[in-house]
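Enquirer: Numbering-wise, the working numbering puts 382 at position 94 of the sequence shown, and it's gapless, one number per residue. Glycine is no exception: its CB is placed at the ideal position from the N, C-alpha and C atoms. Just so we're clear, the structure is a prediction, and the values are computed from it rather than from any experiment.
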Amino acid sequence: MPLYLYNTMGKEKQEFVPLRPGHVGLYVCGPTVYDHAHIGHARSAVVFDVLRRYLRFQGLRVSYARNFTDIDDKIVERSSQMGICPEELARMYIDAYREDMETLKVEPPDFEPRVSAYVDHMRALISRLIEKNHAYATKE
289 MPLYLYNTMG
299 KEKQEFVPLR
309 PGHVGLYVCG
319 PTVYDHAHIG
329 HARSAVVFDV
339 LRRYLRFQGL
349 RVSYARNFTD
359 IDDKIVERSS
369 QMGICPEELA
379 RMYIDAYRED
389 METLKVEPPD
399 FEPRVSAYVD
409 HMRALISRLI
419 EKNHAYATKE
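1) Looking at the unbroken beta strand (DSSP E) that takes in V403, where does it start and where does it end?
2) Using beta-carbon positions only, say whether V316 and Y381 come within less than 8 Å of one another.
3) Is A333 closer than 8 Å to L392 when the C-beta atoms are compared?
4) Where does F345 land, buried or exposed, given buried means 16+ other C-beta within 10 angstroms?
5) Taking its Cβ as the centre, do 16 or more other Cβ atoms sit within 10 Å of I418, making it buried, or is it exposed?
6) Closest to P306 by C-alpha separation, out of M297, S351, V338, would be which residue?
7) Are there 16 or more other CB atoms within 10 angstroms of the CB of F407, so buried, or fewer, so exposed?
8) How would you label P309, buried or exposed, when you count the other beta carbons within 10 angstroms and need 16 or more for buried?
9) Jot down the residue ranges of each uninterrupted alpha helix (DSSP H) in the stretch 354 to 381, minimum 4 residues, whole runs only, in chain order.
10) Can you name the start and end residues of the beta strand (DSSP E) that G313 belongs to?
11) So for V394, helix, strand or coil by DSSP?
12) What did DSSP end up calling Y322 once you bin it into helix, strand or coil?
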């Protein structure tokens, strides 16, 4: 039975066909870890866990990544209020998030990149986009 997913770009349901036969890559935006997970975080995790399991059931190999935004104004502000460093705050809420997902029986992703590890890459990409006039700088 084919799987149909809603394509927001085309604004219609389309049959899912992997770009690479037999393999699916999923990248899902994870939580910004300045507080405990809420129902929206849980919903996203459960939805993509079910999708991943279904794709594997269909015989596809799935590579699944879900990031943690571990550096952000909200994290800096909350850590300052609590008198701890942003890294400690992020680590605390990442651990709590993982415990919550385990309680929900959500399987962990294959990769859990942290935004803080890719800041230099993001800056370089933004610079290239600006150089090509595909982006622009603002005063903020």
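Expert: From the atom records:
1) Locating residue 403 in the sequence shown gives position 115, counting from the first residue. Taken as a continuous stretch (DSSP letters only), V403 belongs to no beta strand (DSSP E), as it is neither H nor E.
2) Numbered from its first residue, the sequence shown carries residue 316 at position 28. Numbered from its first residue, the sequence shown carries residue 381 at position 93. It is not a contact, given that the beta carbons lie outside the stated cut-off.
3) Position 104 of the sequence shown holds residue 392. Position 45 of the sequence shown holds residue 333. Result yes, Cβ atoms of L392 and A333 sit closer than 8 Å.
4) Sequence index remark: in the sequence shown, residue 345 carries index 57 (1-based). Label assigned to F345: exposed.
5) Locating residue 418 in the sequence shown gives position 130, where the first residue counts as 1. Burial call: exposed.
6) Residue numbering aside, residue 306 sits at position 18 when the sequence shown is read from its first letter. Nearest C-alpha to P306: S351.
7) Here residue 407 is taken as the residue at index 119 of the sequence shown, counted from 1. Correcting the residue type first, residue 407 is Val in the shown sequence and not Phe. The residue in question, V407, is exposed, as its Cβ has fewer than 16 Cβ neighbours within 10 Å.
8) As a position in the sequence shown, residue 309 is number 21, starting the count at 1. Exposed, because fewer than 16 other Cβ atoms sit within 10 Å of the Cβ of P309.
9) List check, alpha helix (DSSP H) in window: 361 to 370.
10) Here residue 313 refers to the residue found at position 25 of the sequence shown. First-last of the beta strand (DSSP E) with G313: 311 to 316.
11) Residue mapping note: residue 394 aligns to position 106 of the sequence shown, counting from 1. Coil.
12) Counting from one through the sequence shown, the residue named residue 322 turns up at place 34. Residue state, collapsed to three classes: coil.
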